[in-house]
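S.K.: Just so you know, the protein sequences line up as chains A and B, in that order.
Here the first sequence is numbered in the working numbering, starting from 152 and rising by one per residue.
Here the second sequence is numbered in the working numbering, starting from 639 and rising by one per residue.
All C-beta atoms, glycine included, are put in the ideal place defined by N, C-alpha and C.
Predicted model only: the values in this text are computed from it and were never measured.
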Amino acid sequence: MLKRYIVVILLLFSLPALGQTTIQFIPELYGRNVDGLFRCAIISTGGRQSVTLSVVVKERKAGTVCIINTTAFNIATGNNVLPFTIAHNSSVQFANTSTGRLVSVNHNFPEGDYEYCFTVNYVNHEYLPVEQCFDYTLAPFAELNLIDPYDQDKICDQRPLLTWQPLIPGVPGAMYQLVLAEIKSGQNPTEALNYNLPVINQSNILSPVLPYPSIAPQLEKGKTYAWQVTAYKDQTVLNRTAVWSFKVECQDSTKKISDDGYRDIEDLAKGNYYIAAGVLKFAVVNPYQSQDLKYEISSLDKPDKKVKHLPKLKLQSGDNKINIDLSENNAFNDNAYYILKVRLPNGVVNSLRFIYIEPK
Amino acid sequence: MIKTLLKCFIVALSAASLPLVLHAQSLPADSVSLKADSNSKKLSVPPVANKVVTGLQNSLSAPAKQAAALKPAASTEAGKVKDAFSKSLDKTKPGKLSIDIGVEEGVRYQPASGTSPAFPGWANVVGVRGVVQAFGIPLNVNFSNDRTTFSGLNGLTNNLFKFDFDPRQFTGMFKSDLQQYYDLRRTAFGGLDMAGYTRKVLMDQLKSEQGKLAGSIHDAALTKYLNNPAEINNLLNLNEDQIRQKLTAVAREEAKKGPVKQLNNIDQANSASALTGLANQTAQGELKSGLSKEGLNNIDPLHPVAGLEANAKGKLAGEQASALKKILAEPALQPYLTDPAKLKELQKLDKQQLMQKLRAITQKDVKTPQNAKAPAVVDVADPVPDLDMAAVVNNTLKENDAHHDIALQNLANNILTSKQGSLLTNQASLTKNAQANTQLPAQTSKDIDSAARTITRIKAQLQNSGVDVNKMMQIQKMLDGSNGALPATEYASSIVSRKPGSGIQSLFSNVQSLKIGSFGGQVPGNTQGQDMFLSGTHITYKFGTIPVTAGYGSSNDMNSAKDAAYQSSVYNSPKDVTYLGAQIKRGVFGNVKLAITSSFGTSNTNAPYGTSASASNNVAFTVSKDMNMGAIGHVTVDVSKSTTLYNNNYQIGSDIILAQKAGVNLNTTNDLFEAVGFNVNQHLDIKKLDMSDNIYFDYAGMGYQNPGNNGYGGARKKLGGNLKKAFNKNKLVLNLRTDLSAMPISYTTSDQWRSYQLQLDSRYIVSKKLNLSLKYTANGTSKQIDEVITPVYSYQKLQADGNINYKVGKNFTVSHFSLGYQTYSNVVAAITSTTGGTGALPAADPSLTSNLITATYTQSTVINRNTLTGTMMFNKELTPNSLIGNMLNADVSYQYMLFNKLSLSSGLTYLNNTGIASQAGIRQMMQLFATRNFDMNTFVDLRKNLVTPQYGDLYPAARVELSLKYHFKN
């Protein structure tokens, strides 16, 4: 009977201590490195108290990895986040094992089965210390990589499918945020993401893929974009990819020939060599009805051999600006000399010597 | 809804007006300083010296007293020329403050159901971006407000701002001497060369003077002489007095020739009338009147020339005569002239010695104020502010006084010729001599005077604006001598080499990069190749041939608007980074880079984003060597060693300290490979084969931690590269890229993550109208535990793209299509979703495998000047597990112009993601180019949900964007 009383009395004494303080710690988020250990919270019901906190991290195989002892700080009733400066002033000791030494250098816990034990010690009261332990099987994150579009790629699609590697190993409740911003002049990709209003800033993505959001305006041709994916849980960044960039550019298909530099074929014929960068450009006046342009091109080396498969061109009545596209004809060699003979509608034949330059 | 939109616009506009006002306030200040600056440059002649110069200029015209009436007109004319000339000269000067800045206000409103308060529906970013150029130094400026705007907090300290100096832009502004000369020719000389310009100014001036003074004619010979570019070139090399003497000599020479010719033809019988006729012919008013009043009567018919000359030149010679009189009246000279013994002594000297002697004797005369008005040499270098011009004038000008000199010469000649000892002290005889030598028509001497002044003034102005006239002359001479091309001499090459244009420019010419504020960039010695985002300063300065990079900055994983939702990060902890690097290009080491980088963990106490890091100091020392290996290409090798130091609170276990005291050094950082990283990079470009490759290998030991890397460092092994090869004149290009990496995750076993990434990309240009590309991507990660490799995740994608252009009727049309197939499997470690975020989410299959077909088709047709575009995107899942789901996304839009200033695009959209969302809506874009300085962009996309979307955040029903851009440029 007396024993029971004693037990009850002891329980009554110990209840305030047990009841007033609990420690909150999420090992899957914060148990990954030494700095994370300071991101625990102390929930107290016992009013304003001065406390110290000690943390012991143990791994099943490696034994104790590190011990942290903080200086005294105050907690109040409710949820207490550790003061930001506490990490700076705390003493952190590492075990003299290979794991301990490497953690001391690296600050990251390697893979293993961990036990994180937090002890709150009261400075001015004789309350019993409160100890709470958390277990977690830790595997460090693999690198988070972007996949498609590849870094510095050129793509034609203005609404691309954006793909990246998933967060490995997965964390329940983790999601992705994708940020994509235009790189403006004077910026590098990292600056673009930080300075500009992103075209896409999409959170809550579950799969490691995002079809270009239908609601966003499409990407513009000729512009370069930077993008980055962040894996996060709640308000904590878990991992980030490197910042990649790509350019929206459809290959030369819409390249237009500039509408200038047309000189009369008769003037050109009088001159010396004409330089044709992929295209022959000249002007012809046709006072007659519209008809086909009669012309032939031959190499200066072999004047008798005519170039075949030249485009068929029509002369309209009046002024004509003629473009003869040579770049698609394989008969033309870079920096070689050719001669063009054009039979004008009035029967006059003009010849024009030219150098062919392969357009870059 | 509309209310919210309106609110958004109002907020946007009010926010936008803020930077505007700020700018408006700051602009005038800038422009004031600019004005002050350019003014001070224009008036770089100090006030005192300036007075003297004006005085001198006035006194220059004083000898030609006859031109008194003409002077004001001429000087106004000269003033006009000067103004225009100075203005155009200013254009060629560096050092102006120029601003080319855009202020952008971007507002987006995208409400979504189920959005967490951390990701609010609207975002507002105010940005300033552009180039400010002060004192010839271009600086990129960038400003952006921070995430605090998102969370509704006011935190100015979190705004991002940077100044960034781009040396490429800068060296583009450097000019070689040759370029500077060409610029001068273009802007200041109106396309002419220097001699040509001077000639033009002179001719214009002579013409305009002639116009104002009808009846006075210019010396034809002088005009001809001044119209000769070669002679002008010679004159430009002379100083003002030399020019005057040269021109006087020319005019005199011609004066001798001209009249003689004509006078020889004069009819002896009727000489007087013939001479009057001649005088009329030449129409020199003064000569004519001189002849009619006195000269004609005195002319000796046998020697008409001498008499004519004497009369014609009479007035001008007065100056020389008076100078001679003064010399003869000189008390110091009297003993020499009167004492025969002393005169004999003088006669023993040769002419030069005699001149010196005479100068010395008459020296002290110089301080009389009358002489201080004598012409000064104006074309010396830039006036020096502290120089007492009056003193210079007093001491030196006497000697430069042409009249005085000529008088002395006459005297010397007389002394030497009078061998009999009976010196011709006869003043008349001396004066006559002087007159014989110097008399010229008044108009001619005036012209000579104004020509000399003009040439000197042009030179002085050029000098004042920092142009080395002599160098310009040399360049012109060189160009003239070699038909416009420069000869291959060292001097010629020094002329074409680019040089900074001002002192501050030459200081900055050693700066290879400068960044201040929040900037992204690679920290020297980093082994990751990624940019860090730092707030601080970065500078690369070239000391001699060694560029030294130094910088510091604080880094925090959460920087800007995009990170608004986060409060902490386990990816990166806040730290302060300091670094110092140098590149030694020559010497025994060859091309070697050294870098030391250190970081110190800090606490970011900026609530509510406070994050903390333990206090430890991490240092890495990196040596990198660049080698050109010929056939192998360029190889770069980096070797890096890292250490972690602790402050007092942060210590290793006491047993280690005991062991260290006992002499056993267990410090892991001494372990060679655990705290070492190295990197080999090879690059080869074979142009002949249209091929290039790039291979890298990275290694970082378990204990290696580089402060210049992002994220937590640690062990890595990476191998990868790319290979690019072009075939058939670049028509087919193959590009292969691979990255393999292994990341150890245990300090005791060989457990690691292994991942690979591969992309094979081929592009084929079939014709100008059609090009195709085929791309294969593979990516995967596996886990190696106890030597057993288990694939965790893999991804493969094959995609074909085509781009074709053709005509539909008369309308130019472009089509783009792509067809892709991808497989995705996440065997072990899929993200298992839980409730949270966007409401109830279905738990994803932990062993997810998904096959997917994607197809997109875009066609745009140009109709008149407007474009009709249709886009369709389609995804089809081939497996029950869905990654995206079956999705159809289509839109049609028509783009057109209104009033030449308004570009609009209207469209219809449709989206269907089976079982998840279905929406239809309208889209409207408007772009207004109001003025050169302002444009506005609006984008509105409104949708109606046909079913309630499952992920409201991914499928919002509205998006409104407003972007305002103001552009300031001076």
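Here's the rule I'm using: 16 or more other beta-carbon atoms within 10 Å means buried, otherwise exposed. How should residue 502 (chain A) be labelled?
M.R.: As a first step, residue 502 (chain A) must be located in the first sequence, where it is residue number 351. So residue 502 (chain A) ends up on the exposed side.
S.K.: Which residue comes first and which comes last in the beta strand (DSSP E) that contains residue 551 (chain A)?
M.R.: As displayed, chain A neither begins before 152 nor continues past 511, which places residue 551 (chain A) out of reach and without an answer.
S.K.: Under three-state DSSP, which class holds residue 1164 (chain B)?
M.R.: Your numbering for residue 1164 (chain B) matches position 526 in the second sequence. Coil, per DSSP.
S.K.: Find the residues of chain A that neighbour residue 1664 (chain B), judging by a C-beta separation of less than 9 angstroms, and give them in chain order.
M.R.: Absent from the model: residue 1664 (chain B). The displayed extent of chain B is 639 to 1608, so no value can be given.
S.K.: Residues of chain B with CB closer than 9 angstroms to the CB of residue 476 (chain A), please, in chain order.
M.R.: Here the question's residue 476 (chain A) lines up with position 325 in the first sequence. What residue 476 (chain A) touches in chain B: 1406.
S.K.: Between the alpha carbons of residue 1492 (chain B) and residue 1554 (chain B), how many angstroms are there, rounded?
M.R.: Stepping through the second sequence from its first residue, residue 1492 (chain B) is reached at position 854. Stepping through the second sequence from its first residue, residue 1554 (chain B) is reached at position 916. Distance between the alpha carbons of residue 1492 (chain B) and residue 1554 (chain B) is about 18 angstroms.
S.K.: Could you give the C-beta distance for residue 778 (chain B) and residue 337 (chain A), rounded to a whole number, given that I count them as a contact under 8 angstroms?
M.R.: Counting from 1 along the second sequence, the entry for residue 778 (chain B) is found at position 140. Counting from 1 along the first sequence, the entry for residue 337 (chain A) is found at position 186. About 4 angstroms separates the two Cβ atoms, so the contact holds.
S.K.: Ends of the alpha helix (DSSP H) at residue 868 (chain B)?
M.R.: Residue mapping note: residue 868 (chain B) aligns to position 230 of the second sequence, counting from 1. Residue 868 (chain B) -> alpha helix (DSSP H) spans 867 to 874.
S.K.: Please tell me whether residue 176 (chain A) and residue 285 (chain A) are closer than 8 angstroms, where the distance is taken between their beta carbons.
M.R.: Translated into the one-based positions of the first sequence, residue 176 (chain A) becomes position 25. Translated into the one-based positions of the first sequence, residue 285 (chain A) becomes position 134. Result yes, Cβ atoms of residue 176 (chain A) and residue 285 (chain A) sit closer than 8 angstroms.
S.K.: Report back the beta-carbon spacing between residue 329 (chain A) and residue 356 (chain A) to the nearest angstrom; my notes put them in contact at under 8 angstroms.
M.R.: Here residue 329 (chain A) refers to the residue found at position 178 of the first sequence. Here residue 356 (chain A) refers to the residue found at position 205 of the first sequence. That pair is a contact at about 6 angstroms.
S.K.: Residue 1254 (chain B) to residue 1459 (chain B), Cα distance in whole Å?
M.R.: Stepping through the second sequence from its first residue, residue 1254 (chain B) is reached at position 616. Stepping through the second sequence from its first residue, residue 1459 (chain B) is reached at position 821. Near 49 angstroms, if we compare the C-alpha coordinates of residue 1459 (chain B) and residue 1254 (chain B).
S.K.: Assess, as a yes-or-no matter, whether the segment 1178 to 1186 of chain B is touched by the segment 362 to 371 of chain A under the definition of 3 or more beta carbon pairs within less than 8 angstroms.
M.R.: No contact exists between the segment 362 to 371 of chain A and the segment 1178 to 1186 of chain B.
S.K.: Would you tell me roughly how many angstroms separate the C-alpha atoms of residue 824 (chain B) and residue 843 (chain B), rounded to the nearest one?
M.R.: As a first step, residue 824 (chain B) is located in the second sequence; it is residue number 186 there, counting from the start. As a first step, residue 843 (chain B) is located in the second sequence; it is residue number 205 there, counting from the start. When rounded, the distance between both Cα atoms is 21 angstroms.
S.K.: Does residue 326 (chain A) pass the burial test, meaning 16 or more other C-beta atoms within 10 Å, or should it be called exposed?
M.R.: For this step, residue 326 (chain A) is matched to residue 175 along the first sequence. With 16 or more Cβ atoms within 10 Å of its Cβ, residue 326 (chain A) is classed as buried.
S.K.: Distance, Cα to Cα, residue 1031 (chain B) vs residue 1217 (chain B)?
M.R.: The sequence position of residue 1031 (chain B) within the second sequence is 393, counting from 1. The sequence position of residue 1217 (chain B) within the second sequence is 579, counting from 1. Legend: pLDDT at residue 1031 (chain B) = 47, less than 50; position of this residue unreliable, value from coordinates given subsequently. Going by the C-alpha atoms only, they are around 58 angstroms apart.
S.K.: Taking residue 1597 (chain B) as part of the beta strand (DSSP E), name the residues at either end of that continuous run.
M.R.: Here residue 1597 (chain B) is taken as the residue at index 959 of the second sequence, counted from 1. 1596 to 1607 is the span of the beta strand (DSSP E), which, as asked, contains residue 1597 (chain B).
S.K.: Using a Cβ-Cβ cut-off of less than 7 angstroms, list which residues of the segment 1360 to 1389 of chain B approach chain A; keep chain order.
M.R.: Answer in chain order: 1367, 1375, 1379, 1381, 1383, 1384, 1385, 1386 and 1389.
S.K.: Looking at the structure shown, is residue 1274 (chain B) part of a helix, part of a strand, or coil, going by DSSP?
M.R.: In the second sequence, the residue the question calls residue 1274 (chain B) occupies position 636. If DSSP states are grouped into helix, strand and coil, residue 1274 (chain B) belongs with the strands.
S.K.: What in chain A is Cβ-close to residue 1605 (chain B), meaning under 9 angstroms?
M.R.: Numbered from its first residue, the second sequence carries residue 1605 (chain B) at position 967. Those do not exist, as residue 1605 (chain B) stays about 13 angstroms from chain A at its closest Cβ, beyond 9 angstroms.
S.K.: Just to make sure I have the definition right: I need the residues of chain A whose C-beta is within less than 9 angstroms of the C-beta of residue 1200 (chain B). Which are they?
M.R.: In the second sequence, counting from the first residue as 1, residue 1200 (chain B) sits at position 562. 328, 330, 332, 344, 345, 349, 352, 379 and 381, listed in chain order.
S.K.: Decide if residue 201 (chain A) is buried, meaning its Cβ has at least 16 other Cβ atoms within 10 Å, or exposed.
M.R.: As a working note, residue 201 (chain A) is residue 50 in the first sequence. Exposed: under 16 other Cβ atoms inside 10 Å.
S.K.: Once you ignore the five residues that flank residue 1584 (chain B) on each side, which residues in its own chain have a CB closer than 7 angstroms to its CB?
M.R.: Position 946 of the second sequence, counted from the first residue, corresponds to residue 1584 (chain B). Taken in chain order, the residues that qualify are 1556, 1557 and 1558.
S.K.: Under 8 angstroms between C-beta atoms, does residue 243 (chain A) make it to chain B?
M.R.: Translated into positions along the first sequence, residue 243 (chain A) becomes position 92. With 8 angstroms as the cut-off, residue 243 (chain A) counts as an interface residue toward chain B.
S.K.: Quick check on residue 1503 (chain B) - is its C-beta less than 8 angstroms from some C-beta in chain A?
M.R.: Along the second sequence, read from residue 1 onward, the residue named residue 1503 (chain B) stands at position 865. By this cut-off, residue 1503 (chain B) is not an interface position.
S.K.: Report the rounded CA-to-CA distance for residue 780 (chain B) versus residue 768 (chain B), giving the unit in angstroms.
M.R.: Stepping through the second sequence from its first residue, residue 780 (chain B) is reached at position 142. Stepping through the second sequence from its first residue, residue 768 (chain B) is reached at position 130. Looking at the two C-alpha atoms, the distance is approximately 7 angstroms.
S.K.: Within the 8 angstroms Cβ cut-off, does residue 401 (chain A) reach chain B?
M.R.: As a working note, residue 401 (chain A) is residue 250 in the first sequence. So yes, residue 401 (chain A) belongs to the interface.
S.K.: Just grab the DSSP bridge partners of residue 1559 (chain B) for me.
M.R.: In the second sequence, the residue the question calls residue 1559 (chain B) occupies position 921. Paired residue(s): B:1547 and B:1581.
S.K.: Take residue 441 (chain A) and list the residues in its own chain whose beta-carbon comes closer than 8 angstroms to its own, dropping the five residues that flank it on each side.
M.R.: To locate residue 441 (chain A), count along the first sequence from 1; it is residue 290. For residue 441 (chain A), where only same-chain residues beyond five positions count, the Cβ hits under 8 angstroms are 465, 466, 467 and 468.
S.K.: I believe residue 1390 (chain B) touches residue 1380 (chain B) by the beta-carbon criterion, under 8 angstroms. Please report the beta-carbon distance rounded to the nearest angstrom.
M.R.: Here residue 1390 (chain B) is taken as the residue at index 752 of the second sequence, counted from 1. Here residue 1380 (chain B) is taken as the residue at index 742 of the second sequence, counted from 1. Between residue 1380 (chain B) and residue 1390 (chain B) the Cβ distance is about 5 angstroms, and since that is below 8 angstroms, they are a contact.
S.K.: Using a C-beta cutoff of 8 angstroms, does residue 1445 (chain B) count as contacting chain A?
M.R.: Position 807 of the second sequence, counted from the start, is the residue given in the question as residue 1445 (chain B). So, not an interface residue.
S.K.: Please work out which residues of its chain come closer than 7 angstroms, Cβ to Cβ, to residue 1536 (chain B), disregarding the five sequence neighbours upstream and downstream, and give them in chain order.
M.R.: In the second sequence, residue 1536 (chain B) corresponds to position 898, counting from 1. Answer for residue 1536 (chain B): 1542, listed in chain order.
S.K.: For a test of the three-state rule: what should DSSP assign to residue 739 (chain B), helix, strand or coil?
M.R.: Counted from its first residue, the second sequence places residue 739 (chain B) at position 101. Residue state, collapsed to three classes: strand.
S.K.: Residue 1111 (chain B) to residue 841 (chain B), Cα distance in whole Å?
M.R.: Looking up residue 1111 (chain B) in the second sequence gives position 473. Looking up residue 841 (chain B) in the second sequence gives position 203. So the alpha carbons of these two residues sit roughly 20 angstroms apart.
S.K.: Taking all protein chains shown into account, decide if residue 1425 (chain B) is buried (16 or more other Cβ within 10 angstroms of its Cβ) or exposed.
M.R.: What you label residue 1425 (chain B) is simply residue 787 of the second sequence in a count that begins at 1. It is exposed - the Cβ of residue 1425 (chain B) has fewer than 16 other Cβ atoms within 10 Å.
S.K.: Here's the rule: buried if 16 or more other CB atoms are within 10 angstroms of the residue's CB, otherwise exposed. What is residue 258 (chain A)?
M.R.: The residue labelled residue 258 (chain A) in the question sits at position 107 within the first sequence. Classification for residue 258 (chain A): buried.
S.K.: Is the beta carbon of residue 1167 (chain B) less than 8 angstroms from the beta carbon of residue 1211 (chain B)?
M.R.: Taking the second sequence and counting its residues from 1, the one referred to as residue 1167 (chain B) is at position 529. Taking the second sequence and counting its residues from 1, the one referred to as residue 1211 (chain B) is at position 573. The answer is no: Cβ separation not under 8 angstroms.
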